[in-house]
Each structure stands twice: as C-alpha cells, then as structure tokens.
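Here is the structure we will look at.
Protein chains: 2
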Amino acid sequence: MQNNHYCVIMAGGIGSRFWPRSRTNKPKQFLDITGTGETLLQQTFNRFKLIVPPENIFIVTNEVYRDLVLEQLKISFEQVILEPERKNTAPCIAYANKIIERRCPDAVIIVSPSDHLITKEHDFVSAIQRGMIFAQQNDALLTLGIAPTRPETGYGYIQASEAISPDKTGQIKKVKTFTEKPNLEMAKIFLESGNFYWNSGIFIWSLSSINAAFESYLPEVFIPFTFLSEPKGINYDSMAIRKAYSECPSISIDYGLMEKAQNVFVIKSAFGWSDLGTWNALYEQSSHDINRNFIRGENAFVYDSKNSIIQMPNDVVLIADGLDEMIVVFSDNGLLICKRNDEQRIKDFLEIVKSKKTSIL
Amino acid sequence: MQNNHYCVIMAGGIGSRFWPRSRTNKPKQFLDITGTGETLLQQTFNRFKLIVPPENIFIVTNEVYRDLVLEQLKISFEQVILEPERKNTAPCIAYANKIIERRCPDAVIIVSPSDHLITKEHDFVSAIQRGMIFAQQNDALLTLGIAPTRPETGYGYIQASEAISPDKTGQIKKVKTFTEKPNLEMAKIFLESGNFYWNSGIFIWSLSSINAAFESYLPEVFIPFTFLSEPKGINYDSMAIRKAYSECPSISIDYGLMEKAQNVFVIKSAFGWSDLGTWNALYEQSSHDINRNFIRGENAFVYDSKNSIIQMPNDVVLIADGLDEMIVVFSDNGLLICKRNDEQRIKDFLEIVKSKKTSIL
Chain W
255 MQNNHYCVIM AGGIGSRFWP RSRTNKPKQF LDITGTGETL LQQTFNRFKL IVPPENIFIV
315 TNEVYRDLVL EQLKISFEQV ILEPERKNTA PCIAYANKII ERRCPDAVII VSPSDHLITK
375 EHDFVSAIQR GMIFAQQNDA LLTLGIAPTR PETGYGYIQA SEAISPDKTG QIKKVKTFTE
435 KPNLEMAKIF LESGNFYWNS GIFIWSLSSI NAAFESYLPE VFIPFTFLSE PKGINYDSMA
495 IRKAYSECPS ISIDYGLMEK AQNVFVIKSA FGWSDLGTWN ALYEQSSHDI NRNFIRGENA
555 FVYDSKNSII QMPNDVVLIA DGLDEMIVVF SDNGLLICKR NDEQRIKDFL EIVKSKKTSI
615 L
Chain Z
255 MQNNHYCVIM AGGIGSRFWP RSRTNKPKQF LDITGTGETL LQQTFNRFKL IVPPENIFIV
315 TNEVYRDLVL EQLKISFEQV ILEPERKNTA PCIAYANKII ERRCPDAVII VSPSDHLITK
375 EHDFVSAIQR GMIFAQQNDA LLTLGIAPTR PETGYGYIQA SEAISPDKTG QIKKVKTFTE
435 KPNLEMAKIF LESGNFYWNS GIFIWSLSSI NAAFESYLPE VFIPFTFLSE PKGINYDSMA
495 IRKAYSECPS ISIDYGLMEK AQNVFVIKSA FGWSDLGTWN ALYEQSSHDI NRNFIRGENA
555 FVYDSKNSII QMPNDVVLIA DGLDEMIVVF SDNGLLICKR NDEQRIKDFL EIVKSKKTSI
615 L
C-alpha cells in the first residue's frame with residue numbers, strides 16, 4: 255500500500271431504476287440492497303481500504319448526500335468532495351483530480367462507482383494492484399473490463415486489440431473501441447469473439463496521464479477547475495466551485511475522453527461483477543426459491559408464482575398469487591409492480607410521475 | 255312509518271374476502287368501500303330510516319365492534335345488540351327477536367345484512383314497504399329476491415313457484431326451492447328461466463310468524479333465548495347471553511329455517527343490489543377507465559394494464575405496468591396482488607397466513 259495511491263469513489267447517482275427502494279433522498283449506493291448488512295457504498299469503501307490508505311479515499315457526491323456519507327463511513331469530512339450539481343462523470347473526476355493534486359502531484363488514482371456489486375474480492379484486489387503498477391509505469395488510461403458470462407444487452411462493451419499485451423501477464427490489452435449497449439444478436443457475437451469485455455466504469459491512471467488527456471480532449475471541463483491548482487494557502491469557497499460547475503458541460507468520462515484518447519488500455523478481469531443497475535441485475539446475482547422467485551420480506555406470502563422479484567419490508571403483509579416474471583417492490587410508501595421485461599421503462603414512468611407530482615417521490 | 259315496524263341490521267361479519275381493506279378489527283361494513291363518504295353500515299342504516307322509526311332499528315354485532323357502531327351511527331347504546339361469539343345468522347335473529355318482543359310483541363321485522371350495496375333506493379323502499387304490508391297480513395316468511403342480470407355463480411338463488419301470486423301486484427310469489435351457488439351452466443339456465451332470483455339475505459316477517467317457525471324448525475336455537483321473554487323487570491346479564499350462545503349451534507337462518515318452512519315467499523325486486531362480497535363484485539358495480547381498470551388512489555400511476563382492480567391509499571405512490579385481470583390493493587400495511595379469477599382463494603390464503611402468524615392480520 256503506497257502513499258501516492260488514491261481512490262475516488264463516485265457516489266452522486268440517484269439510482270432511479272431502483273425505485274422504490276432507491277429514492278432521491280437516499281439513492282441506491284446508500285442502501286443495503288444486497289441484504290448483507292452493508293450498504294453498497296460501505297462495501298465499495300471497505301474493498302478499497304485493502305488497496306489504498308483509507309485517508310486517501312475520496313467520496314464525490316452531491317451536497318445533499320454529505321451527511322449520509324459521513325454517517326456510513328468513518329472518514330474525515332475533508333474526504334467528502336461535494337458537487338453542487340449533477341454533471342455526469344467527467345466534471346466529477348476533473349474536480350477530484352485537483353483536490354488530490356494539491357496533496358500528491360504524483361498520485362496514481364483509481365476511480366470507481368459506489369454502487370456496484372463485486373463478489374470475488376481477492377480477484378478484484380489482484381486486478382486493481384496489477385493495474386496500479388501499470389499506470390505508475392506507463393502513460394496509460396486503464397479501464398477494467400469484465401469477461402462477459404452472458405450476452406448482456408444492458409452493458410456497454412470494450413473491444414480489446416489483438417496486438418500483443420504490453421504487460422507480461424498478458425492481462426492488459428490496448429483498447430480498440432468502446433461500444434454502446436448492443437442488441438441481443440450483437441451481444442451474442444461479442445460473447446463468442448472473446449475480445450469484448452463489459453465496461454465496469456472503473457478506471458486507473460496517474461494524475462499526470464489523466465490531466466494530459468483532459469487538456470487534450472476535454473479542456474472545457476478541465477479549465478474551470480484550474481483555479482484549484484493555485485498555491486495551497488489560497489482557499490477556494492463553495493461559490494467558486496458552484497461557478498466552475500455552472501461552466502462545465504455535463505458529459506461522461508467515457509464519451510468525452512476515453513473514446514478519444516489513444517493511450518487507453520483494458521485489464522481483463524473476472525471478479526464477479528454486476529453494476530446492479532436494475533432489479534433484474536439484482537435477480538441474476540441472487541439465490542432463488544424452487545419456483546425461481548427472489549423473495550425478501552418476513553411476511554411476504556407468495557402462491558402460484560414464478561420467476562419473480564419480490565421485496566417487502568418485514569412490517570408489510572403481502573399475499574400474492576399468480577405472478578410470472580414480475581417485479582413487486584414496496585418501500586417507504588412507494589409500490590412498484592412491473593413486468594421484468596419492462597423494467598427499463600421504470601425510469602420513464604418515474605419521469606412522468608415526477609412531472610405531475612414532484613413532492614411525492 | 256308505523257311504530258310496530260322494526261329493523262334488525264346484522265353487522266357481525268369479518269369480511270375476510272375483502273382483505274386487506276377489511277380487517278378483523280375493522281371489517282367491511284365499517285368501511286367506506288364505495289368511496290361515497292359513508293360506510294356500508296351507515297348507508298344501510300340511513301336507508302332503513304326511510305322505512306322504520308330510527309329508534310326501532312337494532313344493530314346486532316360482536317362485542318368487539320360496539321364502539322365502531324356507536325361511532326358511526328347516532329343511536330342509543332340500547333339499540334346495539336352484542337353477540338359474545340359468532341354463530342351465523344339464526345342465533346343472531348333469535349336473540350334480536352327476543353329483544354324486540356320485550357318492546358313490541360306484534361312487531362313486523364325486517365332483517366338485513368349491513369354490508370350490501372343498493373343503488374336504487376326508491377325501488378328498494380317500495381319493495382320493503384310492500385313486503386311489510388304482506389307480512390303484517392299473512393303468516394309468511396318473506397325473502398327479497400333480486401331479478402338476476404347475469405349468470406352469477408357467486409350467489410345463492412331462490413326459485414319462485416309458478417302458482418298465482420297471493421299478492422295483487424303479482425310481485426310476491428311462493429318459494430319453491432332455495433339453491434346453493436350454481437355452476438356457470440346452471441346459472442345460465444336460471445337466468446333464462448325467469449323464475450330464479452338472487453337471494454339477497456333480506457327477510458321480512460311478523461314476530462309471531464318467525465317465532466312459530468323457530469319453534470318448529472330450530473328449537474335448539476330458540477330455546478336458549480326464551481329466558482329473555484320473562485317479565486320486563488327481570489334483567490338479563492351478559493353471562494346469561496354468553497351461556498345462551500354457548501348452547502346454540504352455529505347455523506344460518508337459510509339452511510336451518512327458510513329451506514324447511516312451508517310459508518316462505520319471495521318479493522321479486524330489482525333495486526340495483528350487490529352483496530359486494532368480493533373485489534370482483536365491487537368491480538362489477540363500479541365505473542371503469544378506458545382500459546376497463548377500476549383505479550382508486552390519487553398517486554396510483556398505472557400503465558399498459560387492463561381489466562384490473564387497483565386500490566391505493568392516497569399517500570402511497572404506485573407505479574404499475576403490465577397488469578391484466580389483476581387485483582392490487584394496499585391498505586394498512588397489507589398488500590394483496592391476486593388474479594381476479596383466483597379471488598375466491600383469498601380467504602384460503604388468509605387462513606394459511608393466520609395459521610402461521612396470528613398477530614399480523
């Protein structure tokens with residue numbers, strides 16, 4: 255564990271696809287969605303504590319989630335980087351880079367989402383450590399690619415080059431292309447080819463490499479935060495951050511930078527990863543009863559039902575009959591009843607509802 | 255409105271087929287299940303106020319519902335007849351008869367359930383008044399039959415004799431048989447025949463006629479309550495009532511008496527009646543949206559769904575998608591999700607749940 259190793263956990267998402275468990279005032283990363291006793295943020299933080307010094311782990315989140323972060327993690331308030339508004343991942347990373355730069359100009363940084371599931375911790379730690387060595391030694395933007403286990407249409411894919419690996423282990427490859435979520439036919443081709451990996455959204459790079467890439471490809475995101483490079487004595491205030499955010503476009507690091515840079519690499523990994531982006535993703539990761547139902551809730555009584563996802567609080571009595579391929583979730587006076595096939599529409603439904611009644615969600 | 259006209263409203267049911275709206279501590283008759291602003295008991299009481307003096311209306315209910323009755327109706331506590339246990343309709347009627355006998359030995363009595371829906375009040379009042387005149391003048395046990403409008407398999411039927419009506423209007427006929435709930439094929443034959451009526455469970459008789467019938471056909475129910483005929487000065491206490499109930503068999507007035515007596519008549523009626531016995535019965539009586547959904551709840555948002563019954567409290571946000579022929583009801587931390595075709599099983603499901611967890615329903 256080296257002192258110049260840093261980690262940035264992005265925890266500003268609002269997780270609307272996990273409604274009604276995930277709510278605007280308590281999104282998915284702050285929930286014990288897997289039922290293990292730890293929230294996803296806590297799981298993520300504890301995993302990175304195995305790799306970098308805990309005081310080098312920063313959480314970037316929206317101002318409104320500050321107290322939730324400090325409740326869930328034993329960290330100093332200086333480790334919580336507060337965003338005044340949501341502007342996707344590129345501004346979030348540019349901002350965190352500047353904070354880290356003030357402490358350690360030769361940092362090697364892992365950037366990670368806060369709300370994913372990882373089941374094989376040992377393999378995860380190995381992959382990250384290998385990546386950090388590579389990023390330390392090379393001017394490289396490294397992304398973690400997950401060897402696909404099914405023709406998933408809900409993920410973006412990374413295509414690795416067939417050229418020889420610059421890494422002795424052969425696990426690190428140059429990236430050829432990033433692709434959007436494919437249709438099923440294409441996903442099957444990706445799965446068979448062996449050269450395509452799920453894009454985990456986890457990145458590793460040295461501060462100098464990522465700064466250089468920002469300067470080349472996203473100066474409009476980089477420049478608003480340059481005032482933070484001024485000598486340490488000069489304080490920045492929340493108004494200055496607010497101004498920087500207002501000047502930034504809302505853009506993802508994938509689209510704005512990774513797809514354009516020429517020094518992008520992928521580590522092939524297989525550490526039991528899921529983005530837990532949807533109820534179906536949770537279903538796939540979970541154990542089922544004999545009828546392939548995933549049922550949570552001490553007082554959930556389910557009859558003649560199959561292939562369904564049911565999550566009830568213990569103090570709600572559910573009697574359900576005749577469910578097939580359905581999602582039924584009750585939480586905090588919100589009830590979702592939705593076909594599993596339609597779950598991509600939950601986000602749209604929520605938008606419609608929000609446009610009618612903003613106060614109730 | 256005559257002083258010897260009395261009414262007995264039976265309000266002791268527990269309405270388990272309307273779970274989760276109807277609960278053991280607040281059954282269906284005490285709920286505004288139609289959304290009109292009045293509970294079914296209030297609707298029933300107010301309807302009979304048009305026919306008999308309000309002080310002559312008695313409510314028979316279980317001891318545990320006494321306060322609910324007195325909250326909902328402006329009546330004296332002496333008008334609430336309390337049963338110590340549930341023993342079906344015959345003991346309930348025998349007990350109420352004795353209470354009325356002490357005040358008015360020549361009473362003519364209407365007996366009615368408390369939890370049915372009646373939409374045509376004017377026709378209802380006409381039918382009851384005609385029946386009371388007939389019961390006053392004849393030694394007759396009169397039942398109200400509803401002209402069927404569909405081949406309903408959830409109701410019992412009354413077959414009227416084809417003999418000439420003893421009543422000048424031709425609306426009152428001798429009863430030939432009572433039948434149990436038919437299958438669909440039989441129900442269609444009943445509907446076509448024109449001689450079969452739905453058994454509404456509403457009865458009209460003079461005290462002398464019903465007492466005579468009890469003595470002949472149900473002495474085991476009649477005798478335990480005879481102590482109540484003793485001179486007015488002698489008080490009865492709740493222990494005596496408890497003893498009488500413990501001695502009575504649990505038996506319905508239909509099975510124990512009406513099916514056996516020879517002087518049973520039916521008034522043919524059509525006053526928009528439903529026993530509201532089930533969610534489907536409520537659905538049939540209600541207006542629907544363009545997709546034939548019955549939706550209640552200010553924050554119930556339902557997409558791509560049809561032929562379904564949805565009842566949510568206003569403070570629960572529902573997002574539902576892909577429902578077809580389903581019942582979805584949330585009330586007081588109970589959630590029912592059930593195929594409409596399976597609703598007869600709700601009662602069974604509840605029994606199973608109760609056997610596991612008695613405290614939660």
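Protein sequence lines, in the order shown, are assigned to chains W and Z.
Note that the first sequence covers residues 255 to 615 in the working numbering.
Note that the second sequence covers residues 255 to 615 in the working numbering.
All C-beta atoms, glycine included, are put in the ideal place defined by N, C-alpha and C.
Just to make sure I have the definition right: I need the residues of chain W whose C-beta is within less than 7 Å of the C-beta of residue i. Which are they?
{"i": "Arg599/Z", "result": "Asp575"}
{"i": "Asn593/Z", "result": "For the sequence presented, residue 593/Z should be read as Lys rather than Asn. Simply Asp575 and Gly576."}
Going by Cα to Cα distance, which pick from the options is closest to residue i?
{"i": "Ala467/W", "options": "Asn351/W, Lys430/W, Phe555/W and Arg404/W", "result": "Asn351/W"}
{"i": "Leu492/Z", "options": "Pro338/Z, Leu589/Z, Ser366/Z and Pro359/Z", "result": "Reading off the sequence shown, one finds Ser at residue 492/Z, where the question assumed Leu. For the residues Pro338/Z, Leu589/Z, Ser366/Z and Pro359/Z, the minimum Cα distance to Ser492/Z belongs to Pro338/Z."}
{"i": "Ser500/W", "options": "Thr293/W, Glu474/W and Met580/W", "result": "Glu474/W"}
{"i": "Gln413/W", "options": "Leu577/W, Val334/W and Val520/W", "result": "Val520/W"}
{"i": "Met386/W", "options": "Glu605/W, Thr293/W, Trp459/W and Arg546/W", "result": "Trp459/W"}
{"i": "Glu446/Z", "options": "Ile426/Z, Ser541/Z, Gln256/Z and Ala401/Z", "result": "Ala401/Z"}
{"i": "Asn392/W", "options": "Leu461/W, Gly399/W and Cys346/W", "result": "Leu461/W"}
{"i": "Glu292/Z", "options": "Trp273/Z, Tyr319/Z, Gln326/Z and Thr315/Z", "result": "Gln326/Z"}
{"i": "Gly266/W", "options": "Met566/W, Thr532/W, Val323/W and Leu304/W", "result": "Val323/W"}
{"i": "Glu552/W", "options": "Glu538/W, Ile544/W, Asn561/W and Ile573/W", "result": "Ile573/W"}
{"i": "Ile287/W", "options": "Glu597/W, Val582/W, Gln565/W and Asp578/W", "result": "Gln565/W"}
{"i": "Ala348/Z", "options": "Cys592/Z, Met264/Z and Arg550/Z", "result": "Met264/Z"}
{"i": "Leu336/Z", "options": "Ile563/Z, Ser368/Z and Phe312/Z", "result": "Phe312/Z"}
{"i": "Ile477/W", "options": "Asn545/W, Ala535/W, Pro503/W and Lys430/W", "result": "Pro503/W"}
{"i": "Val365/Z", "options": "Arg550/Z, Cys358/Z and Ile382/Z", "result": "Ile382/Z"}
{"i": "Arg340/W", "options": "Ile268/W, Phe378/W and Phe525/W", "result": "Ile268/W"}
{"i": "Tyr557/Z", "options": "Asp508/W, Ser454/W, Leu604/W and Glu375/W", "result": "Leu604/W"}
{"i": "Val583/Z", "options": "Cys261/Z, Arg271/Z and Asn258/Z", "result": "Arg271/Z"}
For residue i, which beta-bridge partners are listed by DSSP?
{"i": "Glu317/Z", "result": "Note: Glu317/Z sits in no beta bridge, so no partner."}
{"i": "Ile581/W", "result": "Ile563/W and Cys592/W"}
{"i": "Ile507/W", "result": "Beta-bridge pairing links Ile507/W to no other residue."}
{"i": "Arg550/Z", "result": "Gln565/Z"}
{"i": "Leu472/Z", "result": "Answer by DSSP bridge pairing: none, since Leu472/Z is not bridged."}
DSSP three-state label for residue i, please.
{"i": "Phe199/Z", "result": "What the structure shows of chain Z is the stretch from 255 to 615, and residue 199/Z is not part of that stretch, so it cannot be assessed."}
{"i": "Asp596/W", "result": "helix"}
{"i": "Val429/W", "result": "strand"}
{"i": "His376/Z", "result": "helix"}
{"i": "Ile256/Z", "result": "Reading off the sequence, residue 256/Z comes out as Gln, not Ile. Coil, per DSSP."}
{"i": "Val520/W", "result": "strand"}
{"i": "Gly487/W", "result": "Confidence is the limiting factor: at Gly487/W the pLDDT is only 46, short of 50, which leaves the residue's position unreliable, though a coordinate-based value still follows. Note: Gly487/W maps to coil in three-state DSSP."}
{"i": "Gly453/W", "result": "In the sequence as presented, Gly is not what sits at residue 453/W; that position holds Asn. Three-state result, Asn453/W: strand."}
{"i": "Cys346/W", "result": "helix"}
{"i": "Phe360/W", "result": "This sequence places Asp at residue 360/W; Phe is not what is there. The answer is coil: DSSP assigns Asp360/W none of H, G, I, E or B."}
{"i": "Asp602/W", "result": "helix"}
{"i": "Phe555/W", "result": "strand"}
{"i": "Leu285/W", "result": "coil"}
{"i": "Leu327/W", "result": "coil"}
{"i": "Thr480/Z", "result": "helix"}
{"i": "Trp459/Z", "result": "strand"}
{"i": "Lys608/W", "result": "helix"}
{"i": "Ala394/W", "result": "coil"}
Taking 8 Å as the threshold (C-beta atoms), are residue j and residue i in contact?
{"i": "Ser506/Z", "j": "His370/Z", "result": "no"}
{"i": "Phe450/W", "j": "Tyr409/W", "result": "no"}
{"i": "Thr407/W", "j": "Leu438/W", "result": "yes"}
{"i": "Glu355/Z", "j": "Ser483/Z", "result": "yes"}
{"i": "Ser540/Z", "j": "Phe548/Z", "result": "yes"}
{"i": "Cys346/Z", "j": "Val314/Z", "result": "yes"}
{"i": "Leu398/Z", "j": "Ser562/Z", "result": "no"}
{"i": "Pro274/Z", "j": "Gly588/Z", "result": "yes"}
{"i": "Ala344/Z", "j": "Leu536/Z", "result": "no"}
{"i": "Gly576/W", "j": "Asp596/Z", "result": "yes"}
{"i": "Tyr260/Z", "j": "Ile372/Z", "result": "no"}
Check the Cβ of residue i against every Cβ in chain Z and list those closer than 9 Å, keeping chain order.
{"i": "Val607/W", "result": "Asn553, Phe555, Val571 and Ile573"}
{"i": "Val582/W", "result": "Leu589 and Ile591"}
{"i": "Phe548/W", "result": "Near Phe548/W there are no residues of chain Z at all, since even the closest Cβ is about 16 Å away, more than 9 Å."}
Report yes if the C-beta of residue i is less than 7 Å from at least one heavy atom of the ligand MG; otherwise report no.
{"i": "Pro503/W", "result": "This structure lacks the ligand MG, and indeed carries no ligand of any kind."}
Output, in chain order, the set of chain W residues within a Cβ distance shorter than 9 Å of residue i.
{"i": "Asp596/Z", "result": "Tyr557, Asp558, Asp575 and Gly576"}
For residue i, return the contacting residues in chain Z, with the cut-off set at a CB-CB distance below 8 Å.
{"i": "Phe603/W", "result": "Phe555, Tyr557, Ile573 and Asp575"}
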